[in-house]
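Structure first, commentary second.
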Amino acid sequence: MAAAPLQNNPVPFIDLVAQYEPLAEETLAAVHRVFSEQKFILGEEVSDLEQEIAEYCTAPEAIGCSSGTDALILALMALNIGPGDEVITSPFTFFATGSSIHRVGAKPVFVDIDPVSYNIDPDKIEAAITPNTKAIMPVHIFGQCAEMDRINKIADRHNLFIVEDAAQAIGAEYRGRRAGTLGDIGCFSFFPTKNLGGAGDGGMLTTCSSELATRLKQLRVHGQTSVYYHQEVGLNARLDSLQAAILRVKLKSLDSWTEARQQNAACYEELFQHYDLNDIVVIPESNSQDRHVYNQYTVRVLEGRRDEILQSLRDQQIGAAVYYPVPLHLQPCFSYLEYQKGDLPESERASAEVLSLPIYAELVSSQLETVVRGISEAIAPGSTEGIARLYKDDQQQQRAA
Ligand SMILES: *Cc1c(COP(=O)(O)O)cnc(C)c1O
């Protein structure tokens, strides 16, 4: 029996309009408050947000700044990391993780990922440590914390700093502890599509050290110790009051949004089972001990078919995206590091196989079903049986090879 052609309502990859609508009134009141005061940079809105984020992350100190990228740069500067130093990180991440290390004059050293969590593989870190290594920068990719107990042990043994790239992981927990408190400095982003997103660029640093907090606060304002007095050269990397005021409104919804993301992930799991796609689509695994905040819901499909599936989803007006198509060690701007294709095989394979699906809080279950049905259509219009067999054959061949 031929399946009737499906007429789906479009499912956008992200829908910030739907997120804004219920908060519009409160957001506009917050914007109005800032305009009435005409104080646009740092100030009380920012220090109030800093206090609220510190509480939310259970960190003693939080320091607002201009973006997640600048948070990473400020963190490295505050730890005196620069030319001659090496920082170990993951290549399977957003560009800024690697570029911040380069930007302070240090050398990014990329270590391959664990293929299940997509986070840096702790087993491979020690082999990359040299006398020049100063820090490890784990990325809590897609909203799930890296293996921080093991990473901290390695850092302790070799006397290294830890800078968490927690840009995708606000509220994520590792063994009951929140992202941003699992190393020396935590770095967050308020880019509009992050779990807590502003109306423009913004970022936050967290730390347990009051000395580091003081230094970070100086570094974000040209390195000044008091107005027009400079012990060192910093950045202009402050957070706007408007962003802070808007983020304070949104922060109150963050936990309910996170719960909705988790429910959507659970719903996807059932749907993939229901549509008998378990052999074809590898869904994300989350550790039940930890809190995954699902900035992305990222599945794997067979290499070579990913781009075809992505195109088919787009043709069906279903949003999907590839995070990230090129691992950082193979980016042209890092060719001076002399990595070759094949050096970090799990990261390269992930880049060829991953597909991120809509996961935002406002999705309804019929939309989730549209996405999964769309994947099943993309894989084999009408039937999934053939491709399921093909995929298993391929897996068996890979294992035999
Ligand atoms: C978004 C992101 C950043 C950079 O944040 P911006 O606020 O866009 O500068 C850094 N690292 C990761 C992993 C990110 O996802």
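Going by the working numbering, the sequence shown opens with residue 1, and the numbers climb by one from there.
Backbone N, C-alpha and C define an ideal beta-carbon position, used for all residues, glycine too.
Under the DSSP definition of a beta bridge, H102 lacks any partner. Taking 6 Å as the cut-off, one finds at least one heavy atom of ligand 1 near enough to the beta carbon of T93. In the three-state scheme derived from DSSP, where H, G and I count as helix and E and B as strand, F35 is classed as helix. The shortest C-alpha to C-alpha distance from E45 to any of R291, V281, Q243 and E173 is the one to Q243. Within the same chain, Cβ atoms closer than 6 Å to the Cβ of S356 are found at Q296, T298, A321 and Y323, the five residues on either side in sequence being excluded.
Spatial neighbours of E369 in its own chain (CB-CB distance under 8 Å, excluding positions within 5 residues in sequence) are listed in chain order as L271. Straight across, the Cα-Cα distance linking I375 with K217 is about 47 Å.
G202 sits in coil when the DSSP states are folded into three classes, being neither helix nor strand. In the DSSP assignment, E377 falls within the unbroken alpha helix (DSSP H) covering S365 to I379. Taking all protein chains shown into account, N119 has 16 or more neighbouring C-beta atoms within 10 Å of its C-beta and is therefore buried.
Spatial neighbours of A245 in its own chain (CB-CB distance under 7 Å, excluding positions within 5 residues in sequence) are listed in chain order as A30, V31, R33, V34 and E45. Proximity of the beta carbon of D165 to ligand 1 is indicated: a heavy atom of the ligand is located closer than 6 Å. Per DSSP, the beta-bridge partners of Y229 are S226. Shown here, F161 sits in a strand according to DSSP, grouped into three states.
C267: member of the alpha helix (DSSP H) spanning L254 to H274, first to last residue. Residue pairing for G186: DSSP places it in a beta bridge opposite E164 and T206. Between A135 and V163, the CB-CB gap stays under 7 Å.
The beta carbon of Y275 lies closer than 7 Å to those of V372, R373 and S376 in the same chain, with the five residues before and after it left out. In the DSSP assignment, A62 is bridged to T206. DSSP places F334 in the helix class (H, G or I) of the three-state scheme. Taken in chain order, the whole alpha helix (DSSP H) runs of length 4 or more contained in the region 77-149 are 95-103. Judged by DSSP in its simplified three-state form, T298 adopts strand.
Note on C333: under 16 other CB atoms within 10 angstroms of its CB, so exposed under the neighbour-count rule.
Collapsing the DSSP output to three states places D290 in coil.
Put simply, the backbone Cα of G143 is about 14 Å away from that of V116. When the Cα atoms are used, E346 and V249 turn out to be separated by approximately 40 Å. In the DSSP assignment, no residue is bridged to S241. C57 is positioned such that its CB atom lies closer than 7 Å to that of G180. Cβ contact annotation for R103 (same chain, cutoff 6 Å, sequence separation greater than five): I73, in chain order.
DSSP, read as helix, strand or coil, puts Y56 in helix. Straight-line measurement puts the Cα of H230 at about 47 Å from the Cα of R349.
Taking non-hydrogen atoms of ligand 1 into account, the C-beta of F35 is found less than 6 Å away from none of them.
Boundaries around S347 are those of the alpha helix (DSSP H), P345 to E353, since no beta strand (DSSP E) includes it. Judged by the Cβ position, F188 fails to qualify as a neighbour of ligand 1 at the 6 Å threshold, every heavy atom of the ligand being at least this far.
Taking the CA atoms as reference points, L239 sits about 29 Å from L160. Boundaries of the alpha helix (DSSP H) harbouring E308: R306 to D315, taken from the DSSP string.
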